[in-house]
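Below is one structure, written out as structure tokens, with a few remarks after it.
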Amino acid sequence: MKFSYLGDDAEEVSDVLTRCIGPVRVQKPLNTALSYRYEFIAAGRVAFSRATSQGSLSIGQKGEVPKLLVLLPLHGAARVRIGRDDSLISIPGKAAILDGNRLSELQIEEARSHLSFVIDQGEIFRHLSAALERPVHGSIDFTPELDLTTGAGEILFKLSQIMATCLGDNAEIQELPSTLSHLSEGIVNLLVDTVPHRFSAALTEGEWLPSPRHVKRAVDFMHANLSAPISMTDIAEAAGIGVRSLQEGFKRFKGASPISYLAQLRMEAAHRDLLNADQRLSVAEIARKWGFRHMGRFANDYRKSYGCPPSEARRRLPLSDA
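Residue numbering for the sequence shown follows the UniProt record's numbering, beginning at 1 and increasing consecutively.
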């Protein structure tokens, strides 16, 4: 998907940004002029945009979304308010990394232009899960600022310059979907591997080491029986070891107990069904399919994992279809 917008109406800008990054409200002071240009392209689960504005305005989230927004300023300053207490100044040379699960607001007073990445957090979870060999959920907690003049930040900014070539009317790179896909994957890998976040220590302290065979057998057994009422003893027998050894193996290599790990796998399966299953199936039916009997607990755990209630997840479309 690709489109561009040029206009001066705050409500129209609200509609455009809501379609691309999630529910936002754009406001401007009364009796003031506004000019806003927005160019957008989606490449799988990573989208890229360029925004240029003249005049004072604020862009605030109306609701939580499971996405990561990375702002790469080109010109002008903006104040970013994050949650109730945190804030930062977004200026050229510094990226602002915003978690859509924490409500934020961008306040602009003068001329401003920036590039941005919008990344589905599911893509980040998949990368982390593969690296750590275990399901990953919850807040990622990236550090909110990144120096764009050196190291990983400089590479990220150069990648953004390449992605910016997708936005022109005659951009040839947009006709190369595999190239866009690889660029998107590289951006996610770069962020996860180099920018500090809640799972950085696990990645650097050896939790990524390959699991021993008995742990792999246990995981394979779980995947094959996700919707079945299996017990710890069943898992241990399938792995060919005792329950205590199984618990120790999972604690060492998966960072969770076997039962917690199984619950995480089932939550992932329920999440996939909520996004993709036949809409005639209710949330309760999907939850029961994957072994969740207490709906209140399921809804609470789902929200902790994905940043929204399961009923809202049913209404969401993949980013590329926005």
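Note that CB positions come from ideal geometry on N, CA and C, so glycine has one too. Computed from a prediction, not measured in an experiment: that's the story for all the values here.
{"Item": "DSSP state of residue 9 mapped onto helix, strand, coil", "Value": "coil"}
{"Item": "Boundaries of the beta strand (DSSP E) in which residue 281 is found, first to last residue", "Value": "That residue, residue 281, is in no beta strand (DSSP E); it is neither H nor E in DSSP."}
{"Item": "Stretch pair the segment 152-170 + the segment 180-191: three plus CB contacts closer than 8 Å", "Value": "yes"}
{"Item": "Bounding residues of the alpha helix (DSSP H) (the contiguous stretch that carries residue 217)", "Value": "213-224"}
{"Item": "CA-to-CA distance, residue 252 to residue 21, given in whole angstroms", "Value": "38 Å"}
{"Item": "Rounded straight-line distance, which links the Cα of residue 271 to that of residue 124", "Value": "15 Å"}
{"Item": "Rounded C-alpha distance that separates residue 218 from residue 192", "Value": "27 Å"}
{"Item": "Environment of residue 153 [buried if 16+ CB atoms lie within 10 Å]", "Value": "buried"}
{"Item": "Span separating the alpha-carbon of residue 288 from that of residue 155", "Value": "45 Å"}
{"Item": "Simplified DSSP assignment, three categories, for residue 147", "Value": "strand"}
{"Item": "As assigned by DSSP and simplified to three states, the class of residue 251", "Value": "helix"}
{"Item": "Proximity of residue 32 and residue 56 at Cβ, strictly below 8 Å", "Value": "yes"}
{"Item": "Chain-order list of residues whose beta-carbon lies under 8 Å from that of residue 66 (same chain, five-residue window excluded)", "Value": "100, 101, 120, 121, 122, 306, 307, 308"}
{"Item": "Secondary structure of residue 304, DSSP reduced to three states", "Value": "helix"}
{"Item": "Enclosing beta strand (DSSP E) for residue 114 [first to last residue]", "Value": "112-120"}
{"Item": "Given 8 Å, three or more beta-carbon pairs between the segment 2-9 and the segment 36-47", "Value": "yes"}
{"Item": "Given 8 Å, three or more beta-carbon pairs between the segment 234-247 and the segment 196-203", "Value": "no"}
{"Item": "Separation of residue 54 from residue 110, as counted between CA atoms", "Value": "6 Å"}
{"Item": "Span of the alpha helix (DSSP H), counted from its first residue to its last, around residue 271", "Value": "258-276"}
{"Item": "Candidates 226, 303, 280, 235: closest to residue 290 by CA position", "Value": "226"}
{"Item": "Helix, strand or coil at residue 297 according to DSSP, with G and I counted as helix", "Value": "helix"}
{"Item": "Contiguous beta strand (DSSP E) assignments of at least 3 residues, all confined to the segment 1-61", "Value": "2-7, 24-27, 35-43, 46-54, 57-61"}
{"Item": "Residue 45 and residue 140 closer than 8 Å at C-beta", "Value": "no"}
{"Item": "Pair within 8 Å by beta-carbon distance, residue 136 and residue 129", "Value": "yes"}
{"Item": "Contact belief for residue 115 with residue 59 at Cβ below 8 Å, rounded distance in angstroms", "Value": "Not quite, the Cβ-Cβ distance comes to about 15 Å (not below 8 Å), so this is no contact."}
{"Item": "Residue 141 (DSSP reduced to helix, strand or coil)", "Value": "coil"}
{"Item": "Exposure label - residue 295; buried when at least 16 CB within 10 Å", "Value": "exposed"}
{"Item": "Residue range of the unbroken beta strand (DSSP E) whose run includes residue 231", "Value": "From DSSP, residue 231 is part of no beta strand (DSSP E); its letter is neither H nor E."}
{"Item": "C-alpha distance - residue 208 paired with residue 313, whole-angstrom precision", "Value": "With a pLDDT of 49 at residue 208, under the threshold of 50, the predicted position of this residue should be treated as unreliable, though the coordinate-derived value follows. Near 30 Å, if we compare the C-alpha coordinates of residue 313 and residue 208."}
{"Item": "Cα-Cα separation, residue 320 to residue 69", "Value": "Here residue 320 scores only 40 on pLDDT, less than 50, and its place in the model should not be relied on; the value that follows carries that caveat. For residue 320 and residue 69, the distance between alpha carbons rounds to 16 Å."}
{"Item": "Closest residue to residue 376 among 194, 63, 215 (Cα-Cα distance)", "Value": "Residue 376 falls outside the range modelled here, since the chain spans only 1 to 322, and no answer is possible."}
{"Item": "Extent of the continuous alpha helix (DSSP H) to which residue 310 belongs", "Value": "310-313"}
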